[in-house]
Amino acid sequence: MIESDFLKHLDRMSLLVSKRISSNYIGERKSLQTGRGTLFKDHGMYTPGDDFRAIDWKVYGRTDKLHIKRYEEDKALVTHIILDASSSMDYASGKVKKFDYASMVGLAFAYMAMKKNEKFVLSTFSENLDFIVPRKGKRHFVSVIDHLKTKEAKGKSKFEESLMSYLKKIESRSMIVVVSDFFYDLDEIERSLGRFKNSEIRLIQVLDQVESNLNLKGDLNLRDMETSEVVRTFVDKVTKSKYLKKKNEHNAKLKWIADSLGAKFYSFSTDKPIFDSIYEVLRN
-8 MIESDFLKHL
2 DRMSLLVSKR
12 ISSNYIGERK
22 SLQTGRGTLF
32 KDHGMYTPGD
42 DFRAIDWKVY
52 GRTDKLHIKR
62 YEEDKALVTH
72 IILDASSSMD
82 YASGKVKKFD
92 YASMVGLAFA
102 YMAMKKNEKF
112 VLSTFSENLD
122 FIVPRKGKRH
132 FVSVIDHLKT
142 KEAKGKSKFE
152 ESLMSYLKKI
162 ESRSMIVVVS
172 DFFYDLDEIE
182 RSLGRFKNSE
192 IRLIQVLDQV
202 ESNLNLKGDL
212 NLRDMETSEV
222 VRTFVDKVTK
232 SKYLKKKNEH
242 NAKLKWIADS
252 LGAKFYSFST
262 DKPIFDSIYE
272 VLRN
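Each step along the sequence shown adds one to the number in the numbering used here, with nothing skipped, and position 176 is 167.
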């Protein structure tokens, strides 16, 4: 659940990291602008209708002719945050559900985009894609929070189908942030993300502490969150070792997929303080 204290801390953190993350939110598309911009380009002759404030008076003093400064202004990326809202994200062995943790990470990206007056969107997927049109501003950010407060993580996940549907809705170069447990077939993940190769990609894995460490032991009944299938098993040191080996191999392949796409991959457990995770992601 998103609480007011979280938003207050998020605002404080945005001040700390805003300078360091600017390169993550600025696109490569540039246009020639007059007046104040980002990078000085050259001078041009002043013509009626140009911004009077852009006149370079030093040049005028040397030439007796009005010249304006022209700049290359970086065009901002649209930030697309895509949250996994399937049943597996509803799990919590402690106080924080995976979906709530993922939502807070996603909101951090949305908040930074809002502060820079850039377009952003936070959508969810499980059996269906729940897409929202990208917009700017505080009102849109509040609507995203309201949407998340009513959203429940449920249903089976259709990862590839959802991302393919999402791809059709992207109209410009974008930053794609996918937040999920990524408990999917690796070939499916690679195929899906490969379609977004012209975008900046961030993959953020959110796991419960039990999924991260398998800190269980003894005779247990384990239930699949998406199929409700119950499996009886016995967890000992050998079982734990085998599980962690498979999990680490899975994540190593996820990182390889990310690296091959020029993307960044992060993995967090819900017992890690949320702002430690947010800072780790945003500072890069």
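Every residue, glycine too, gets a C-beta built ideally from N, C-alpha and C.
With DSSP as the reference, label residue 96 as helix, strand or coil.
-> If DSSP states are grouped into helix, strand and coil, residue 96 belongs with the helices.
Distance, residue 233 Cα to residue 73 Cα | Looking at the two C-alpha atoms, the distance is approximately 31 Å.
Pairing CB atoms from the segment 246 to 256 with CB atoms from the segment 173 to 192, are three or more of them under 8 Å?
-> As far as the Cβ criterion goes, the segment 246 to 256 touches the segment 173 to 192, which means the pair count is three or higher.
Is the Cβ of residue 4 closer than 7 Å to any Cβ of chain B?
-> Annotation note: the requested chain B is absent from the structure, which comprises a single protein chain.
Classify residue -6 as helix, strand or coil using the three-state DSSP reduction.
-> Assigned with DSSP and collapsed to three states, residue -6 falls in coil, not helix or strand.
Let me know the alpha helix (DSSP H) ranges lying completely inside the segment 169 to 207, each 4 residues or longer, listed in chain order.
-> Correct list: 177 to 185 and 200 to 204.
Three-state secondary structure (DSSP) of residue 250 | In this structure, residue 250 counts as helix in the three-state DSSP scheme.
Shortest alpha-carbon distance to residue 157 belongs to which of 129, 91, 125 and 247?
-> Of the candidates 129, 91, 125 and 247, the residue whose Cα lies closest to the Cα of residue 157 is 125.
Classify residue 74 as helix, strand or coil using the three-state DSSP reduction.
-> Residue 74 falls in the strand class under three-state DSSP.
Where the alpha helix (DSSP H) through residue 141 begins and ends = Per DSSP, residue 141 belongs to the alpha helix (DSSP H) from 129 to 141.
Taking just the CA atoms, how far does residue 205 sit from residue 235?
-> When rounded, the distance between both Cα atoms is 8 Å.
Please classify residue 36: is it buried, with 16 or more other beta-carbons within 10 angstroms of its beta-carbon, or exposed?
-> Counting Cβ neighbours within 10 Å, residue 36 comes out exposed, since fewer than 16 surround it.
Cβ pair residue 163, residue 69 closer than 7 Å = Yes, Cβ-Cβ distance for residue 163 and residue 69 is below 7 Å.
Taking the C-alpha atoms as reference points, what is the distance between residue 260 and residue 159?
-> Looking at the two C-alpha atoms, the distance is approximately 32 Å.
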